[in-house]
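Enquirer:
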Amino acid sequence: MSLPSRKGGNVETRALPEVKACDYLVLHDTGAYGASMSSNYNSRPLLPEVLFDNGQARLIRRRQTIEELLALELL
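Throughout the sequence shown, residue numbering follows this note's numbering, covering -10 to 64 in sequence.
And the structure:
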């Protein structure tokens, strides 16, 4: 598994158990990939965030669309 790299060499490998459709994959401590440190570096749209609380998943930030990202550009 690898996330879109903000800088070259940002790859860490982890062995993961086998997953099936509808399984959740939780990434704790996401650093620059979380809302508090996110940016559009390398023209990547902001990722969605989901809060898991008492077994319930709730979208707390939706994915930024390419259209929203490009709307900020003045060409």
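The beta-carbon is built from N, C-alpha and C at its ideal position, and this holds for glycine as well.
Could you spell out where the alpha helix (DSSP H) holding ALA60 opens and where it closes?
Expert: From DSSP, the alpha helix (DSSP H) with ALA60 extends over 55 to 60.
Enquirer: Measure how close the beta-carbons of GLN53 and LEU35 come, nearest whole angstrom, since I'm counting them as under 8 Å.
Expert: With a Cβ gap of about 4 Å, GLN53 and LEU35 count as contacting.
Enquirer: Within this structure, are the beta carbons of ARG47 and PRO37 separated by less than 7 Å?
Expert: No, the pair does not count as a contact, with Cβ atoms beyond the cut-off.
Enquirer: According to DSSP, is ALA4 helix, strand or coil?
Expert: Correct three-state label for ALA4: coil.
Enquirer: Is LEU36 near the ligand FAD, in the sense that its beta carbon is under 6 Å from a heavy atom of that ligand?
Expert: Absence of the ligand FAD is noted for the structure shown, with no ligands found whatsoever.
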